[in-house]
Every structure is written in structure tokens, then in C-alpha cells.
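K.L.:
Starting off with a structure, shown below.
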Amino acid sequence: VPRVVVIGAGIVGCSLADEFTGRGWTDVTVLDRGPLFAAGGSSSHAPGLVFQTNPSKTLAEFARYTIGKLGGLELDGAPVFRPVGGLEVATTPERWADLARRHGLATSWGIEARLVDPGECARLHPLLDPGAVLGGLHVPSDGLAHAVPAGEAQARRAIDRGARFLARHRVTGVAEEHGRVSGVHTDQGFVPADVVVCAAGFWGPDVGGLAGLTVPLQPLAHQYATTAPVPALAGAVQEISAPILRHQDADLYYREHGDRIGIGSYGHRPMPVSAQDAEEHANSCLPFTPDDFADAWKQSLVLLPGLAETEVSAGINGVFSFTPDGMPLLGEHRDLPGFWVAEAVWVTHSAGVAKALAEWLVEGQPRTDVHECDLHRFVDVQLSPEYVAARGAQQFVEVYDVVHPLAPAAVLRSLRTSPFFPRQQELGAVLGEAGGWERPLWFEANAPLAEGLDLPPRDAWAARWWSPTVAAEALATRDRVALYDITPLTRIEVTGPGACDFLQRLTTNDVARPAGRVTYTLLLDAAGGIRSDLTVARLEEQRFQVGANGPLDLDWFRQHAPDDGSVQLRDTTAGTCGIGLWGPRSRDVLQSLTGTEVSHAAFGYFRARELFVGGVPVTALRVSYVGELGWELYTDAATGLRLWDVLWEAGHAHGMVAAGRRAFDSLRLEKGYRAWGVDMTTEHDPVEAGLEFAVRRGKGDFVGKEALDRRPHDRRLACLTLDDPATTVLGREPVRVGGTPVGYVTSAGFGYTIGRSIAYAWLPASLAEPGRAVTIDWFGEPVAATVAAEPPVDPSGARMRC
Ligand code: FAD
Numbered sequence: 074v075p076r077v078v079v080i081g082a083g084i085v086g087c088s089l090a091d092e093f094t095g096r097g098w099t100d101v102t103v104l105d106r107g108p109l110f111a112a113g114g115s116s117s118h119a120p121g122l123v124f125q126t127n128p129s130k131t132l133a134e135f136a137r138y139t140i141g142k143l144g145g146l147e148l149d150g151a152p153v154f155r156p157v158g159g160l161e162v163a164t165t166p167e168r169w170a171d172l173a174r175r176h177g178l179a180t181s182w183g184i185e186a187r188l189v190d191p192g193e194c195a196r197l198h199p200l201l202d203p204g205a206v207l208g209g210l211h212v213p214s215d216g217l218a219h220a221v222p223a224g225e226a227q228a229r230r231a232i233d234r235g236a237r238f239l240a241r242h243r244v245t246g247v248a249e250e251h252g253r254v255s256g257v258h259t260d261q262g263f264v265p266a267d268v269v270v271c272a273a274g275f276w277g278p279d280v281g282g283l284a285g286l287t288v289p290l291q292p293l294a295h296q297y298a299t300t301a302p303v304p305a306l307a308g309a310v311q312e313i314s315a316p317i318l319r320h321q322d323a324d325l326y327y328r329e330h331g332d333r334i335g336i337g338s339y340g341h342r343p344m345p346v347s348a349q350d351a352e353e354h355a356n357s358c359l360p361f362t363p364d365d366f367a368d369a370w371k372q373s374l375v376l377l378p379g380l381a382e383t384e385v386s387a388g389i390n391g392v393f394s395f396t397p398d399g400m401p402l403l404g405e406h407r408d409l410p411g412f413w414v415a416e417a418v419w420v421t422h423s424a425g426v427a428k429a430l431a432e433w434l435v436e437g438q439p440r441t442d443v444h445e446c447d448l449h450r451f452v453d454v455q456l457s458p459e460y461v462a463a464r465g466a467q468q469f470v471e472v473y474d475v476v477h478p479l480a481p482a483a484v485l486r487s488l489r490t491s492p493f494f495p496r497q498q499e500l501g502a503v504l505g506e507a508g509g510w511e512r513p514l515w516f517e518a519n520a521p522l523a524e525g526l527d528l529p530p531r532d533a534w535a536a537r538w539w540s541p542t543v544a545a546e547a548l549a550t551r552d553r554v555a556l557y558d559i560t561p562l563t564r565i566e567v568t569g570p571g572a573c574d575f576l577q578r579l580t581t582n583d584v585a586r587p588a589g590r591v592t593y594t595l596l597l598d599a600a601g602g603i604r605s606d607l608t609v610a611r612l613e614e615q616r617f618q619v620g621a622n623g624p625l626d627l628d629w630f631r632q633h634a635p636d637d638g639s640v641q642l643r644d645t646t647a648g649t650c651g652i653g654l655w656g657p658r659s660r661d662v663l664q665s666l667t668g669t670e671v672s673h674a675a676f677g678y679f680r681a682r683e684l685f686v687g688g689v690p691v692t693a694l695r696v697s698y699v700g701e702l703g704w705e706l707y708t709d710a711a712t713g714l715r716l717w718d719v720l721w722e723a724g725h726a727h728g729m730v731a732a733g734r735r736a737f738d739s740l741r742l743e744k745g746y747r748a749w750g751v752d753m754t755t756e757h758d759p760v761e762a763g764l765e766f767a768v769r770r771g772k773g774d775f776v777g778k779e780a781l782d783r784r785p786h787d788r789r790l791a792c793l794t795l796d797d798p799a800t801t802v803l804g805r806e807p808v809r810v811g812g813t814p815v816g817y818v819t820s821a822g823f824g825y826t827i828g829r830s831i832a833y834a835w836l837p838a839s840l841a842e843p844g845r846a847v848t849i850d851w852f853g854e855p856v857a858a859t860v861a862a863e864p865p866v867d868p869s870g871a872r873m874r875c
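In short: position in the sequence shown from 1, add 73, done, that's my numbering.
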């Protein structure tokens with residue numbers, strides 16, 4: 074049994090001790106520099122509201138697990154969780170519509186919820202003025218966690234199984250031996266360990282720093298105030314009965330404290346806290362600043378008029394963590410094996426996070442897909458203090474906003490641009506962002522092409538971050554030819570005498586093919602779940618170019634690479650750039666720029682070659698993510714602009730356009746190409762995802778092979794088409810059969826070639842046969858859809874193999 078040290082006895086540290094010891098890892102020592110169990114971190118001040126509904130399926134699952142676990146725990150006979158229900162109210166039509174959307178999210182993730190009218194809101198909450206709201210979303214299983222007792226109850230259980238909790242032990246250093254963590258230094262001496270988990274709350278960056286690790290979170294203060302007794306609540310001293318309440322239009326939330334009301338506000342200016350501030354305020358509270366609370370109080374009197382009879386009697390500016398994307402930080406230090414973090418975790422998600430991390434360590438991987446929470450999801454440029462501060466503060470500002478799922482980040486942009494960026498700007502690129510890259514969504518220069526198009530109407534929500542120009546770009550790709558900037562797609566070069574064997578062992582398809590071949594393949598985890606999907610181009614006997622999904626793929630490669638020097642890995646994304654030249658005229662364009670023959674006979678489908686295009690050295694792969702004839706063309710970043718220019722000039726005669734990400738998404742949905750992380754994750758296997766063609770069981774052993782055969786394969790990623798062309802969905806909506814929720818949409822968009830919307834959805838295998846009628850919830854209304862045969866466009870692939 075490994076010796077585990079957990080740094081921090083907040084709700085996360087306590088929960089980790091419980092989850093580790095519950096799995097037989099009983100040699101656990103939890104260290105906290107504070108007293109136990111109100112140790113002075115954020116958990117000591119958290120009012121403990123647990124709202125489960127979240128756009129992230131992972132976070133919703135973490136919350137559900139937390140409620141299930143805490144709901145069954147007591148401390149000295151008192152429950153540590155009260156299932157008082159959660160009520161989110163709307164005071165604007167926009168919010169009311171959003172609550173219907175959130176009702177859909179809850180349904181997708183298996184959380185029972187209902188929309189209620191103002192009268193029902195007032196019946197549920199004794200102080201609420203029904204005249205102030207348009208309605209609410211009620212989740213009966215939400216509730217209130219008493220964070221300190223909840224931590225202590227889990228700690229006691231862990232102690233019974235052998236764990237130790239040591240108060241007043243400040244960790245001052247992290248020790249390393251033979252390239253692994255070997256323990257921690259504290260102000261009370263050295264504590265040896267095989268595994269160290271940093272659960273130090275918003276001090277995570279400091280503790281991570283002791284191990285040379287950047288922990289990208291920003292501590293911010295958040296106001297929480299309590300009133301004096303509220304006369305209207307007299308008699309409620311013993312029992313908490315009202316649901317926890319959110320008034321997001323005013324950035325506020327409420328809970329009862331007996332006959333008092335607690336009010337939390339995100340409406341004030343962001344108040345970042347520096348490491349020094351945090352050090353001075355070791356109890357994680359800054360003094361209350363009443364001026365910042367004035368508006369919160371005014372708004373509260375409107376919603377809860379009974380508060381006029383009382384006043385604010387106490388308040389704090391309590392500190393906790395915000396990450397650049399609002400998600401927790403989980404995982405192992407890349408350069409110091411054995412050093413793990415569980416940071417930026419709300420009370421709401423604490424037990425679920427602890428379970429996932431314990432599974433990860435004890436069983437080798439978490440059962441829940443955690444890629445959105447992975448510590449290493451950020452690239453270097455996203456780890457700067459400026460970035461973490463600006464994006465963290467923006468998360469605070471937006472925490473209760475109605476955020477459109479396609480809205481790009483509002484602050485600190487233009488971190489990474491491809492060499493084509495100046496040309497894209499000249500063409501009026503409307504920009505989105507992913508992984509720090511600026512990515513054109515569409516080009517205003519193409520707007521005139523959309524003028525004659527007869528497109529069905531889109532409602533206001535679906536029309537955000539969309540333009541009719543998207544249709545023009547998609548159709549131009551199907552009819553003529555388009556340039557797509559594919560620079561942001563991660564590229565990994567794998568070289569060396571062991572490269573081929575390494576990729577064979579790691580991936581599902583047969584990549585041991587002659588140089589010049591390209592293979593679509595999958596990475597599975599040990600449980601047979603889909604870890605990523607890749608295109609592997611064998612450029613030379615010992616040199617492969619791998620098209621991957623992001624930095625986590627490189628991590629996976631590094632973890633599995635032999636340490637005998639036979640394989641070298643290099644992320645070439647930033648030093649290179651790529652253009653998708655796709656469409657039926659792409660060959661004409663390419664041939665006009667190169668002396669190498671690019672006919673189907675000379676340069677076949679799924680082949681790779683190095684050639685000159687307009688004098689630019691290019692690695693060309695004959696593959697297409699949009700389902701048309703075409704090539705991915707890669708060159709050095711330095712020659713990229715020239716490549717764009719020569720293609721642009723040659724393309725003019727063929728009606729070429731530059732096209733953006735939205736057209737790309739529409740075309741790939743029409744072709745049934747899955748997007749990893751959205752359509753499929755480690756929770757799904759290739760059979761379920763419709764990707765069995767990429768699994769060659771006969772090729773020999775590969776990671777996940779054995780487990781794959783043991784999986785039940787009882788779900789399917791189904792292709793739905795929406796019956797009415799004027800309807801659209803965007804993803805994460807629940808799918809129903811006969812009114813009963815049976816699954817959820819992954820990605821969706823309008824298919825301009827087929828003239829209707831397409832939605833991919835996870836359904837039970839028994840309900841996924843083509844022709845089945847289903848409905849999708851769209852802002853509370855059922856939208857009719859039908860399971861379609863796949864893919865909707867060009868099922869034979871003739872358009873690409875010509
Ligand atoms: P913490 O509770 O901060 O624990 C970290 C521990 O690490 C501390 O005890 C600290 O002493 C210890 N530590 C730090 N450095 C060292 C060191 N070098 N050596 C030893 N020990 C160290 N979340 C919700 O889900 N719902 C809510 O309603 C809610 N409301 C909130 C309201 C307020 C005012 C605040 C401040 C937070 C709120 N949160 C809420 C957020 C939630 O409290 C935190 O996200 C959560 O408590 C973090 O738990 P933790 O265990 O990670 O961190």
C-alpha cells in the first residue's frame with residue numbers, strides 16, 4: 074500500500090482521505106497548517122450551496138455523487154447535508170428562457186428538475202415576492218452541505234480505516250528521489266510519501282510552486298453576508314426548510330441560517346487576491362467592504378421584501394479559486410511523478426472529484442471522463458500569471474451570466490495566431506478562440522455569396538455566433554473549393570527506430586504501413602474507452618506525423634513512450650501551420666502550383682507526400698474532415714503566409730473562398746466525422762461510437778484491446794436529423810422517446826447540403842435504429858427528429874475518392 078500525503082484538510086482533502094482509505098489505500102496522512110477541521114481555508118467559510126445543474130456533464134456527475142454521499146453521512150447524529158432543494162429564479166425573459174435550457178441540461182445529465190411558476194416559487198420560499206419573478210427552476214435533490222462537518226465526518230471514517238490527520242503542519246517543501254516524489258517537508262519535520270496530493274485550495278499555486286509546478290488558478294474574494302434575524306422567519310430557528318435560492322439576474326444567491334438569511338454576491342468588482350494577501354489572511358477571509366455590497370442589498374429587498382425588517386449583521390470577503398475556464402484542476406505533475414493536484418474544487422463537486430482522483434490513482438484511471446478538468450489542458454501561453462489573472466477574473470464576472478455555448482472568451486485574446494492571420498483579417502474574419510488560438514468562424518468578405526441563399530429561419534439563440542455566410546462557405550466547399558486554416562490542430566512528430574512499434578502498441582488501427590500512407594486510428598485507455606482519435610501519416614520509415622486533439626495526447630504519448638531512447642516525440646504545432654484545401658476543384662488548384670502529379674492515380678486517398686506548392690515545401694496529406702476531395706497542406710510557420718498567398722491567387726479562377734470553423738463543423742456533421750471530447754470521450758468505446766472500422770483486432774496487442782472486448786457496448790452515438798428545417802439545436806439537449814429522457818445530444822448544426830439540422834446523440838443501442846422518431850428538448854419545447862442512416866452526405870465516400 075503506497076504512503077499517501079494529502080496537503081490540506083479542507084473539504085477536498087477530507088474527502089480524498091475517505092475515498093483513498095475506502096479503496097484500501099489506508100496509509101494516508103492529511104496535513105494542514107491550520108487547526109482541524111475548521112482549518113481556515115475556503116471550506117471553513119463556505120455556505121455550502123450545492124446546485125447540481127451545469128453545462129458540464131462531468132461537473133453535474135461530481136455534484137450528484139457529492140449529494141449522494143453527503144446525504145448519507147452524519148456527524149454526532151446531525152446530518153451534514155440537507156436536501157432542501159434548489160430554486161433558480163428568473164426576473165427577465167432572457168433568464169426565464171435560460172432556465173428552460175438549464176432544465177434541459179439537468180434532464181440530459183439525469184437530474185430531476187421542473188420549471189415552476191411564480192406562485193410555486195413563493196410557496197417554496199417563504200420570503201420570495203412572486204411579483205418579482207417570472208418563474209423558477211426547481212431541483213428537489215439540490216441542497217445544503219455543511220462543509221466543515223461534512224469534511225469531519227469523512228475524515229473520521231478515514232481515521233477509522235487508518236488515516237492520520239495532522240493539524241498545524243505547514244508544508245514547506247516537496248522532496249524528490251530518483252525522479253519521483255518522496256515526501257514533504259513541514260515545519261514539524263519530514264513526512265515520507267510515495268504519493269502526494271495537493272488539495273491546498275487557493276494556496277495551490279504556492280504549494281505547487283514548491284514542486285516546480287504552475288497551478289493555474291486565481292484566488293478572488295467573494296462577498297458573503299448574513300442578516301440579523303428576519304421577523305418573517307421567527308420560529309424557523311431550528312429547521313432549515315427553504316430551498317437554496319439563486320437570483321442570477323442580480324448575481325446573488327441565498328440560504329437560510331435559522332431565522333437569518335445568508336446572501337452571497339458575485340455582482341461586485343472582481344477582487345483578486347495576491348499570494349502575499351493570502352499569506353497575511355491565512356484564514357482566507359478579507360475584511361468585508363460594505364460599499365461593494367450596497368447593490369446586492371438593494372436587489373435583495375426587491376426579491377425578498379421581508380428583509381426590509383432586518384439588516385446585514387455580518388459579512389466577509391471570502392477567498393476561493395477561479396481557473397481560466399471555470400473547471401477544476403486534476404492530475405499528476407508532468408515532471409514529478411507521484412505529485413498530484415486536486416485544486417479549484419467547489420464543495421459542490423468535492424466528493425465526486427475525490428472519487429475520480431482516487432480511482433485514477435488506485436485503479437489507474439477515473440471512471441468519469443475528466444479531460445475538461447485535466448491539469449495539463451492548458452498550453453504554455455495560457456499559464457502566464459497575466460492570463461490566469463485575467464481569465465480567472467472573467468470567470469468570476471460571468472459566473473451567473475447567461476453564457477451562449479458558442480461565445481468565445483471575452484478577454485485577453487490574440488494569444489496565438491497562425492501565419493495566415495493578416496490575410497484572414499483582411500477578409501473580415503469573425504474570430505472565435507480555442508486552446509489560445511484565434512480561429513476564424515466565418516469571413517465577412519463572403520457575405521455577398523449568402524445574399525441569394527434561401528435559408529430557413531433560425532431563432533435568436535441559434536442565430537448567435539452564426540451568420541448566413543456560414544452557409545455560403547459550406548456550399549462553396551461542396552461546389553467549388555475552400556481554404557481552411559487547420560493550424561490549431563495539434564501535430565506531434567514521432568521519430569526513431571521504435572516509432573512504428575510504439576504507435577502500433579498505442580493505437581487501434583494498423584499504422585505499420587508503407588511510408589506515404591495515412592491511417593485514421595484511436596487511442597484507447599486501459600478500460601477500452603476512447604482517449605483520442607488521430608490521423609497517423611507515415612512520412613518515412615522512422616518518421617510519423619500525428620494529427621491529434623490537444624496537449625493531453627502528447628502527455629499520453631510521453632507516459633507510454635519507451636525510455637530506451639528509441640522513440641522521440643516533438644510537438645510541431647506551433648512551428649508549423651496547415652491549410653485544408655478542400656472541394657471538388659481542389660485538385661485543379663493544387664495541380665496548377667506543383668510539378669508533382671496529384672491525380673487520383675498518382676496521389677491516392679489517404680496518402681501522404683512531400684512536394685513543392687508554388688515553391689513552398691509542403692507535406693501534403695490527402696485527407697479531408699469535410700468529406701470532399703482535398704488535401705491537408707503543412708509547412709513551416711515561416712513559409713505559411715506564402716503558401717496561403719499562392720493558393721489564394723491560384724484559387725481565384727476556381728471560385729475559391731476562405732472558410733471558417735462554423736462551415737467546417739457543419740460539413741463534418743454531414744459526413745459523420747466525430748469530434749473527440751464532444752461526441753465521444755473515455756466513457757465510450759469504438760463500437761458504441763461507430764468507429765469499429767478503426768480497430769484492427771488482428772494486428773496484435775494494443776492498449777485497451779482486452780478491455781474493449783469485455784465492454785457491454787450498450788449505447789450508440791446516433792445521427793439524428795431534425796424533421797422541420799426551421800429547427801436547430803446546439804448540443805447537450807436531452808433526447809426523448811415517448812416523452813421519456815433516453816439520451817443527450819453531443820454536437821449539432823445545420824447541414825446546408827441536406828437542408829436540415831443534424832444532431833449526434835448518445836442513445837441506448839436498442840433505441841438507435843434508423844427511422845426511430847425522437848424529440849429533443851429546445852428551451853422546453855419538443856423538437857421532432859428521426860434517427861438517420863449515417864452519414865447523411867455521400868455515404869459511399871465517392872466525393873473524396875476521385
Ligand atoms: P480549502 O478549504 O481552502 O482547504 C485547503 C487547506 O489547505 C486549508 O485548510 C489550508 O490551511 C491548507 N493549506 C494550504 N497551504 C498549506 C500548506 N503549505 N501546508 C499545509 N496546509 C496547507 N462552494 C460551493 O460549492 N458552494 C457554495 O455555496 C460556496 N460558497 C462559497 C462562499 C464563500 C464565501 C467562499 C469563500 C467559498 C465558497 N465556495 C462554495 C467555494 C468552496 O468553499 C471552495 O471551493 C472549497 O471549499 C475548496 O475546498 P478545498 O478543500 O479545496 O480548499
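Where a beta carbon is used, it is the ideal one built from N, C-alpha and C, also for glycine.
On the criterion of 16 or more Cβ atoms from any shown chain inside 10 Å, does leucine 607 qualify as buried, or is it exposed?
P.N.:
Translated into positions along the sequence shown, residue 607 becomes position 534. So leucine 607 ends up on the buried side.
K.L.:
In the DSSP assignment, what are the bridge partners of valine 414?
P.N.:
Within the sequence shown, residue 414 is the residue found at index 341, counting from 1. Paired residues: Cys271, Gly404.
K.L.:
Which same chain residues, not among the five before or five after cysteine 875, have their C-beta less than 7 Å away from its C-beta?
P.N.:
If you number the sequence shown from 1, residue 875 lands on position 802. If we look at cysteine 875 and ignore the five residues flanking it on each side, its Cβ neighbours are His673, Leu702.
K.L.:
Would you say tyrosine 817 touches the ligand FAD, meaning its beta carbon is less than 6 Å from a heavy atom?
P.N.:
Numbered from 1 along the sequence shown, position 744 holds the residue referred to as residue 817. Checking the Cβ of tyrosine 817 against the ligand FAD gives no.
K.L.:
Just to confirm the assignment, what range does the beta strand (DSSP E) spanning isoleucine 303 have?
P.N.:
Taking the first residue of the sequence shown as 1, we reach residue 303 at position 230. Checking the sequence shown, residue 303 turns out to be valine, not isoleucine. Unbroken run through valine 303: none, as it is neither H nor E.
K.L.:
Please report how far the alpha carbon of alanine 218 lies from the alpha carbon of tryptophan 419, in whole angstroms.
P.N.:
For the purposes of this step, residue 218 is taken as the residue at position 145 of the sequence shown. For the purposes of this step, residue 419 is taken as the residue at position 346 of the sequence shown. In a straight line, the C-alpha of alanine 218 is about 11 Å away from that of tryptophan 419.
K.L.:
What does the Cβ neighbour count give for leucine 576, buried or exposed, with the cut at 16 atoms within 10 Å?
P.N.:
For the purposes of this step, residue 576 is taken as residue 503 along the sequence shown, with counting starting at 1. Answer is buried; the Cβ neighbour count reaches 16.
K.L.:
Could you check what DSSP says for aspartate 91 in three-state terms: helix, strand or coil?
P.N.:
Numbered from its first residue, the sequence shown carries residue 91 at position 18. Aspartate 91 falls in the helix class under three-state DSSP.
K.L.:
Can you list, in chain order, the residues of its chain with a C-beta nearer than 6 Å to that of leucine 286? Leave out the 5 residues immediately preceding and following it.
P.N.:
Taking the sequence shown and counting its residues from 1, the one referred to as residue 286 is at position 213. Around leucine 286: His406.
K.L.:
Decide if the stretch 850-858 is in contact with the stretch 763-776; the criterion is three or more beta carbon pairs, one per stretch, under 8 Å apart.
P.N.:
No contact exists between the stretch 850-858 and the stretch 763-776.
K.L.:
Valine 375 lies in the alpha helix (DSSP H); which residues open and close that run?
P.N.:
As a first step, residue 375 is located in the sequence shown; it is residue number 302 there, counting from the start. From DSSP, the alpha helix (DSSP H) with valine 375 extends over 363-376.
K.L.:
With DSSP as the reference, identify every bridge partner of asparagine 390, one or two as the case may be.
P.N.:
Along the sequence shown, read from residue 1 onward, the residue named residue 390 stands at position 317. Per DSSP, Gln296, Leu359.
K.L.:
Taking the CB atoms as reference points, tell me whether leucine 197 and arginine 175 lie closer together than 7 Å.
P.N.:
Here residue 197 refers to the residue found at position 124 of the sequence shown. Here residue 175 refers to the residue found at position 102 of the sequence shown. Not a contact, by the Cβ cut-off of 7 Å.
K.L.:
May I ask you to report which of helix, strand or coil DSSP gives isoleucine 184?
P.N.:
Locating residue 184 in the sequence shown gives position 111, where the first residue counts as 1. Correct three-state label for isoleucine 184: coil.
K.L.:
Can you find the residues in the same chain that come closer than 8 Å, C-beta to C-beta, to proline 108, ignoring five residues on each side of it along the sequence?
P.N.:
Walking along the sequence shown from the start, residue 108 turns up at place 35. Here the set comprises Ala240, Arg241.
K.L.:
Identify the continuous beta strand (DSSP E) that holds phenylalanine 110 and give its terminal residues.
P.N.:
Numbered from its first residue, the sequence shown carries residue 110 at position 37. Phenylalanine 110 -> no beta strand (DSSP E), and no H or E assigned at all.
K.L.:
When you compare the CB positions of alanine 621 and threonine 563, do they come within less than 7 Å of one another, or not?
P.N.:
By one-based count along the sequence shown, residue 621 stands at place 548. By one-based count along the sequence shown, residue 563 stands at place 490. Yes, the Cβ-Cβ distance between alanine 621 and threonine 563 is below 7 Å.
K.L.:
Using only alpha-carbon positions, find the residue among Pro798, Asn582, Asn127 that is nearest to threonine 180.
P.N.:
Locating residue 180 in the sequence shown gives position 107, where the first residue counts as 1. Closest by alpha carbon: Asn127.
K.L.:
Report yes or no: do the stretch 717-730 and the stretch 749-760 share at least 3 C-beta pairs separated by less than 8 Å?
P.N.:
As far as the Cβ criterion goes, the stretch 717-730 does not touch the stretch 749-760, which means the pair count is below three.
K.L.:
Mapping the DSSP letters down to three states, classify tyrosine 460 as helix, strand or coil.
P.N.:
As a position in the sequence shown, residue 460 is number 387, starting the count at 1. If DSSP states are grouped into helix, strand and coil, tyrosine 460 belongs with the helices.
K.L.:
So is aspartate 322 buried or exposed if we call it buried at 16+ other beta carbons inside 10 Å?
P.N.:
By one-based count along the sequence shown, residue 322 stands at place 249. It is buried - the Cβ of aspartate 322 has at least 16 other Cβ atoms within 10 Å.
K.L.:
What would DSSP say about tryptophan 539, mapped onto helix, strand or coil?
P.N.:
Looking up residue 539 in the sequence shown gives position 466. In this structure, tryptophan 539 counts as coil in the three-state DSSP scheme.
K.L.:
On the three-pair Cβ rule with 8 Å, is the stretch 677-694 touching the stretch 624-639?
P.N.:
No contact exists between the stretch 677-694 and the stretch 624-639.
K.L.:
In whole angstroms, what is the alpha-carbon distance linking leucine 402 and alanine 294?
P.N.:
Taking the sequence shown and counting its residues from 1, one reaches residue 402 at position 329. Taking the sequence shown and counting its residues from 1, one reaches residue 294 at position 221. Roughly 19 Å between the two C-alpha positions.
K.L.:
Within the present structure, is the beta-carbon of alanine 112 separated from the nearest heavy atom of the ligand FAD by less than 6 Å?
P.N.:
Against the sequence shown, residue 112 aligns to sequence position 39. At least one heavy atom of the ligand FAD is nearer than 6 Å to the Cβ of alanine 112, so yes.
K.L.:
Would you tell me roughly how many angstroms separate the C-alpha atoms of cysteine 446 and arginine 237, rounded to the nearest one?
P.N.:
For the purposes of this step, residue 446 is taken as residue 373 along the sequence shown, with counting starting at 1. For the purposes of this step, residue 237 is taken as residue 164 along the sequence shown, with counting starting at 1. In a straight line, the C-alpha of cysteine 446 is about 28 Å away from that of arginine 237.
K.L.:
Taking just the CA atoms, how far does alanine 545 sit from leucine 526?
P.N.:
On the sequence shown, residue 526 is found 453 positions in, with the first residue counted as 1. On the sequence shown, residue 545 is found 472 positions in, with the first residue counted as 1. For leucine 526 and alanine 545, the distance between alpha carbons rounds to 8 Å.
K.L.:
So if DSSP puts tyrosine 327 in a beta bridge, which residue, or which two residues, is it bridged to?
P.N.:
As a working mapping, residue 327 is identified with position 254 in the sequence shown. Leu318, Ile336, per the DSSP bridge assignment.
K.L.:
With 16 as the cutoff for other CB atoms within 10 Å, does arginine 324 come out buried or exposed?
P.N.:
Along the sequence shown, one-based indexing puts residue 324 at 251. It should be pointed out that residue 324 corresponds to aspartate in this sequence rather than to arginine. Buried: at least 16 other Cβ atoms inside 10 Å.
K.L.:
Beta carbon of proline 864: closer than 6 Å to some heavy atom of the ligand FAD?
P.N.:
The count along the sequence shown starts at 1 and reaches residue 864 at position 791. Checking every heavy atom of the ligand FAD against the Cβ of proline 864, none is found closer than 6 Å.
K.L.:
Going residue by residue through the stretch 546-628, where are the continuous alpha helix (DSSP H) segments of at least 4 residues, counting only ones entirely within it?
P.N.:
Taking only runs of at least 4 residues, the alpha helix (DSSP H) segments lying wholly in the stretch 546-628 are 572-579.
K.L.:
Sort Tyr833, Gly509, Arg333 by Cα distance to arginine 891 and report the nearest one.
P.N.:
Residue 891 is absent from the structure shown; the chain starts at 74 and stops at 875.
K.L.:
Spatial neighbours of arginine 872 within its chain, please: CB distance less than 7 Å, with the 5 preceding and 5 following residues excluded, ordered by chain position.
P.N.:
Sequence index remark: in the sequence shown, residue 872 carries index 799 (1-based). Closer than 7 Å at Cβ, skipping near neighbours: Gly700, Glu701, Leu702.
K.L.:
Alanine 273: beta carbon under 6 Å from a heavy atom of the ligand FAD?
P.N.:
Translated into the one-based positions of the sequence shown, residue 273 becomes position 200. Result yes, Cβ under 6 Å from the ligand FAD.
K.L.:
Would you report the Cα separation of isoleucine 232 and valine 472, rounded to the nearest angstrom?
P.N.:
The residue labelled residue 232 in the question sits at position 159 within the sequence shown. The residue labelled residue 472 in the question sits at position 399 within the sequence shown. Roughly 36 Å between the two C-alpha positions.
K.L.:
Taking the DSSP output, what are the residues bridged to leucine 790?
P.N.:
Reading the sequence shown from its first residue, position 717 is the one you call residue 790. Paired residues: Trp835.
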